[in-house]
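So the mapping is simple: our numbering equals the position in the sequence shown, first residue as 1, plus 1.
Even for Gly, the Cβ is constructed at its ideal location relative to N, Cα and C.
It should be emphasised that the depicted structure is a prediction, and the values quoted were computed from it without experimental measurement.
First comes the structure, then the notes that go with it.
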Amino acid sequence: MMNSHRELALALLASAALLGCGSPPTPGYVAHVQAAGKATRQGGYGAAALEYERAAAVAGSPHDAEEARYRAASSYARAGELAHARALYSELARAALNVELRARADFALAEIEQQPETAEALRVAAMRRH
Numbered sequence: 002m003m004n005s006h007r008e009l010a011l012a013l014l015a016s017a018a019l020l021g022c023g024s025p026p027t028p029g030y031v032a033h034v035q036a037a038g039k040a041t042r043q044g045g046y047g048a049a050a051l052e053y054e055r056a057a058a059v060a061g062s063p064h065d066a067e068e069a070r071y072r073a074a075s076s077y078a079r080a081g082e083l084a085h086a087r088a089l090y091s092e093l094a095r096a097a098l099n100v101e102l103r104a105r106a107d108f109a110l111a112e113i114e115q116q117p118e119t120a121e122a123l124r125v126a127a128m129r130r131h
């Protein structure tokens, strides 16, 4: 009897996980994310950032769009294009639907800040917000 309860609980958890996944990403989104991954592997972080921005534009869900914009910001930061990275991270920190992503973007802003005092102030502010 105990096994059937356990099996039922596992089946319910699996069902909940599948229902929470939403629809699959659009083919265009997948193609741009794959192109961004290839560019990243080749050290082309600026090109990867552009592909992630294209992926965000054709994403089938707000979650996918936000995740692609976060990856674009990260790629811009790696490319040394801090103004682009800062703009995307700021937008996500302020308005992302996903609370975890807002926090990640908030802390990423502190990480790319080049002035130590400002970086520390941004970290402290992010900790208070999240």
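Collapsed DSSP secondary structure at residue i in the structure displayed
| i | result |
| --- | --- |
| ALA97 | coil |
| MET128 | helix |
| ALA17 | Residue placement at ALA17 cannot be trusted, given a pLDDT of 39 that sits under 50; what the coordinates show is reported in the next sentence. Three-state result, ALA17: helix. |
| ALA57 | helix |
| SER24 | coil |
| GLY45 | coil |
| GLU114 | coil |
| GLU121 | helix |
| GLU82 | coil |
Boundaries (first-last residue) of the alpha helix (DSSP H) holding residue i
| i | result |
| --- | --- |
| SER75 | 63–79 |
| PRO28 | 28–42 |
Check: residue i C-beta below 6 Å from any heavy atom of the ligand GTP
| i | result |
| --- | --- |
| ARG70 | Here there are no bound small molecules, and the ligand GTP is not part of this structure. |
C-beta contact flag for residue i and residue j at 7 Å
| i | j | result |
| --- | --- | --- |
| TYR53 | ALA69 | yes |
| ALA74 | ALA86 | yes |
| ALA96 | PHE108 | no |
| ALA111 | LEU102 | no |
| ASP65 | PRO28 | no |
| ALA48 | ALA57 | no |
| SER91 | ALA50 | no |
| TYR46 | ARG79 | yes |
| ILE113 | LEU83 | yes |
| GLY81 | SER24 | no |
| ASN99 | GLU121 | no |
| HIS131 | ALA104 | yes |
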